[in-house]
């Protein structure tokens, strides 16, 4: 891939996730410092420090107001108004929009006490501020998220105002502008509702953690390990794409960035292996989009499900895990069959092993990994039982010792290459590659331990993981240099600090679109609650489906796919879950089918993410097609074929919730469900 073409593909990610502007001078410094201030505020809010110090405690409404105010301010600075707008500076009008948007969104924080004394009775100034905020939020949505979502929000706002003039099936008594603005902007029923609250409390810190881990080299480590373990297989590059996308999906919430970060290497390698450009791009697209169904992040939807379904986060992960793994196993099998059909040979020459030796090697590796995880678990549990209040300090010391040991091991191995030579790929040795970056697993381990074992809140778990990640970023290279007895330790410290600053800046810019999207989704949810549309949907869907559950599910899937073509995953999930999830549960019960609420929400989520693949809009397909130099429509169609098993899974768990480990008791029963479902797929 030529350098200019690579720059164009990376610019697609910048435009989609970070905003299209790369400003310098005072404009760039303002964006940097505001972004860093946003990061510090979010870390403070997620940490236990405010309550421990009894200082700087923000309630939910205040935090949401600050969050959206910062997001709107940065949205107008980072995202140009049009393709002809300057990319190297911020026009005066955008500065005015940014300041006005920040004030309107921050109005609830600045005048919280005054607004609390007049609920439902807005002053004229309140209404003016609210109207300004709604209009600027719609414009920020158009820039940062896309025109379809902004148009959809406008349609719902029109529905609120014009309800008395609509057909009887969807008519309502309507609402005045002051009442609508009060509901949407001055209370927590609209913009500042649950969706924005989840963005504040959970999504930001997880996005920041994933960005920092990738900036430190964790994403490259996962790619290199996947290549070392699978590159020698038949159709190896495609299998590398599948596995590396699954690993990146553990921490990434963006299918487009997942496509580009791995696709710039795997797609050319797949083409060289013989897959063809369309199939290579489609495999990368399907793998990367499936990354959004992989716990624990799940494209930020997991955190929204906690609020909408009302069950612990650990239960969300447990329910979502087996379908996600099955999807990747099925995709892995598909690319293997493609390789067999095309008669491919392994790309890299390696020492040939017998099937028995290969099976023994993989078995020992898996057993060793399980044994190591089990040893860490029981040592930690035993330490807590024996030492009580002193256990955190002892476990912290053991964690530091483990980190020092892992960096010592990494220092004895060559540095991981920052990319893969697609013209002359050289298969790296597996075990040395694994050892060269084992320290990257420590922050991930901290996150999973806090979530699954300690059962801390997702926000607090991510906070502790970020602390571990920042320490790693600052110290990993100096420690490796120290163990190698080199003298560039000071330089590496500076490099580590610079990477932390850069990662925080990227994390803040990654969050702009999510903050704006969740705020705009609040407009739609507010319209539904204000007009009672959710209650009317039951009658409408029952009329369309004729009371048939399968037709109702197909209709819901169709709505998700259509919305997914223009609305990001998070907003799509919020909208359809609000409108359709209660309807499916109620109509299913009327038909004698008890459908768990989590099954419905996962159903909606799975079909929502398919919009990143399906033509004519799928951004992930466009990104992969740009790398492969193929038609994005063909890539989207082929990617949809590869994702067919993922599309069918939701129907299975609606009628058999055991796939989500619902009413499953014991490991053996869970293993039986997972095994039978995998074989059936």
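Residue numbers (our numbering): 398 to 1078. Heads up, the beta-carbon is just placed ideally off N, CA and C, and yes, glycines get one too. Predicted, not measured: the structure shown is a model, and the values here were computed from it.
Around the C-beta of residue 523, are 16 or more other C-beta atoms found within 10 angstroms, so that it is buried, or is it exposed? buried
In or out: residue 947 buried (at least 16 other Cβ within 10 Å) or exposed? exposed
Is there a Cβ from chain C that is less than 8 Å from the Cβ of residue 647? The structure shown contains no chain C; it holds only a single protein chain.
Spatial neighbours of residue 897 within its chain, please: CB distance less than 6 Å, with the 5 preceding and 5 following residues excluded, ordered by chain position. 867, 870
Closest to residue 559 by C-alpha separation, out of 478, 928, 632, would be which residue? 928
Can you find the residues in the same chain that come closer than 6 Å, C-beta to C-beta, to residue 400, ignoring five residues on each side of it along the sequence? Here residue 400 scores only 48 on pLDDT, less than 50, and its place in the model should not be relied on; the value that follows carries that caveat. Here the set comprises nothing.
Measuring CB atoms only, is the region 577-590 touching the region 912-924, in the sense that at least three cross pairs come out at less than 8 Å? yes
Delimiting residues of the alpha helix (DSSP H) encompassing residue 970: That run of the alpha helix (DSSP H) goes 966-987.
Alpha carbons only, please: which of 499, 502, 500, 600 is nearest the one belonging to residue 908? 600
Could you tell me if residue 621 is buried or exposed, where buried requires 16 or more neighbouring beta carbons within 10 angstroms of its beta carbon? Classification of residue 621: buried, given that the 10 Å Cβ count is 16 or more.
Based on Cα-Cα distance, which residue from 1072, 683, 478, 501 lies nearest to residue 659? The option with the nearest alpha carbon to residue 659 is 683.
Could you name the residues of the same chain whose beta carbon sits closer than 7 Å to that of residue 974, not counting the 5 residues immediately before and after it, in chain order? 705, 998, 1001
Within 8 Å, strictly: CB atoms of residue 667 and residue 698: The Cβ atoms of residue 667 and residue 698 lie no closer than 8 Å to each other.
May I ask you to report which of helix, strand or coil DSSP gives residue 672? coil
Sufficient close CB pairs (3 or more, under 8 Å) joining the region 626-646 to the region 716-735: yes
Using the C-alpha atoms, what's the distance from residue 1052 back to residue 497? 50 Å
According to DSSP, simplified to helix, strand and coil, what is residue 753? helix
With distances taken from CA atoms, which of 619, 473, 481 is nearest residue 646? 619
Going by C-alpha distance, which of 966, 938, 847 is nearest residue 953? 938
Cα separation between residue 851 and residue 709? 12 Å
Taking C-alpha atoms, which residue in 556, 466, 539 lies nearest to residue 480? 539
Kindly indicate which three-state DSSP category residue 421 falls into: helix, strand or coil? coil
Report, in whole angstroms, the separation of the C-beta atoms of residue 965 and residue 584, which I expect to be a contact under 8 Å. Not quite, the Cβ-Cβ distance comes to about 25 Å (not below 8 Å), so this is no contact.
Since residue 902 is in the alpha helix (DSSP H), which residue starts that stretch and which ends it? 886-928
Could you give the C-beta distance for residue 760 and residue 625, rounded to a whole number, given that I count them as a contact under 8 Å? 18 Å between Cβ atoms; not a contact.
Coarse secondary structure for residue 570, derived from DSSP in three states: coil
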